[in-house]
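Taken in order, the sequence shown gives residues -6 to 322; the numbers are from this note's numbering.
Even for Gly, the Cβ is constructed at its ideal location relative to N, Cα and C.
All of these numbers come straight from a predicted model, not from anything done at the bench.
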Amino acid sequence: MDKEVVISIKTILFTALLGLVLYVLFRLGPIIGLFVVATLIVFAIEPLIKKIMKGTLLNHKISRGVAVAISYSALILVLVLIITIWLPPFISESQKLFKNLPKIVKSIDLGAQVDLNLAQFLPQASQVSGNLLTAIMSIFSNITGIVSIFIVSIYLSLDWPNMKRRFASLFPSKAEDLVYDTLDEIEISLGHWVKGEAVLMFVVGLFSFVGLVLLDIDYPLALGLISGFLEVVPMMGPIISAVFASVIALADAPIKAVGVIILFIVIQQLENNILVPKVMQKVSGFSPLIILLSLLIGSEFFGIAGAILAVPSIMTIGIVARRVIKFLR
């Protein structure tokens, strides 16, 4: 017997409202991404702001506004110095590297069958490298977006304590303190993560650059900076860096490729056994499987940005989940 399906007006309105919300979130994706990046900057710089506020200036306690101004001025100064010193030679070497990449791959004699596969791969590699270079150039040329991120970060930092209190006040009074403490824990953990990643990126990039120079590998600055940048992508970043540098070295001499592989193994061991435990010891850790799954999910939905933000996102979810379970118990 046929059954009559009845859909209430309430269900229709709820479905339409849900679809509208999802559509608005989709269209606001770039703005949401801007706020996410700005919030990460706030998390990273908040400990410095608090430290400056503990000091005195002309026998007066330093206000939050002055501390924010000093902190962001120092951050901008460091970024300007890095861009001024490192960016021009990096772009020059990257252009040469990506331009010569098809010739480098083609010059590697791996047999007839592999040559056929390489012939099919070369146009794609050239296209991918060109797109990557275009993406890098667009990131640095989009001054408006960078300025917007810093402006939003400054406004968030100026009113950060009040924002946390207002957010906590949205919850029942018995959960207010728990929400505020949770926000503090997220702030501390993500702040350590951002600073830890920055230190790891710098150290790995510097060691890679010095090692490649000593091995007399072409494009050492570009390869070193690529290694540093890819360090932000856990597990896969160092592997991609090692393969990329090995291909460049193999085109010059097989023995150099062996040296590059040994170099990156040493750097990886140094990172895993010394750098990561020392730098990231205050950050909540997860198993490699969870990190890998979060990377795959993040990159599938949001691309490179999703892969980069996967770890801080899973850290935040973990902190909130632990606090909720503790509160329910």
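For K54, the secondary structure class from DSSP, reduced to helix, strand or coil, is strand.
Here V35 is near L149, since their CB atoms are less than 7 Å apart. Bridge pairing for T137: absent [DSSP]. Between S234 and L223, the C-beta spacing is below 7 Å. With 16 or more other Cβ atoms inside 10 Å of its own Cβ, K188 counts as buried. The beta carbon of I283 is closer than 8 Å to those of I307 in its chain, skipping five residues each way along the sequence. For V140 and I147, the gap between their C-alpha atoms comes out near 11 Å. In the same chain as S64, and ignoring 5 residues on each side of it, the C-beta atoms closer than 6 Å to its own belong to I38, L41, I42, in chain order.
Bridge pairing for T49: K54 [DSSP]. Contact between L151 and R20 fails: their C-beta atoms lie close to 28 Å from each other, not under 8 Å. Annotated three-state conformation of L70 is helix, per DSSP. Taking V29 as the centre and dropping the five residues before and after it, the same chain places the C-beta of L302 closer than 7 Å to its C-beta, in chain order.
By alpha-carbon distance to Y212, the top candidate from V197, D245, A191, W186 is D245. Look at F164 here: in three-state DSSP terms it is coil, with no helix or strand label. As the crow flies, the alpha-carbon of V14 is around 22 Å from that of I290. Of the residues I255, K167, I142, F257, the one whose Cα lies closest to the Cα of L321 is K167. The DSSP-derived three-state label of Y212 is coil. A250: member of the alpha helix (DSSP H) spanning 247 to 263, first to last residue.
The stretch 247 to 260 makes contact with the stretch 197 to 208: 3 or more CB pairs, one atom from each, lie closer than 8 Å.
In this structure, the alpha-carbon of G230 lies about 49 Å from that of K3.
In the three-state scheme derived from DSSP, where H, G and I count as helix and E and B as strand, L21 is classed as coil. A67 and I144 have their C-alpha atoms roughly 15 Å apart.
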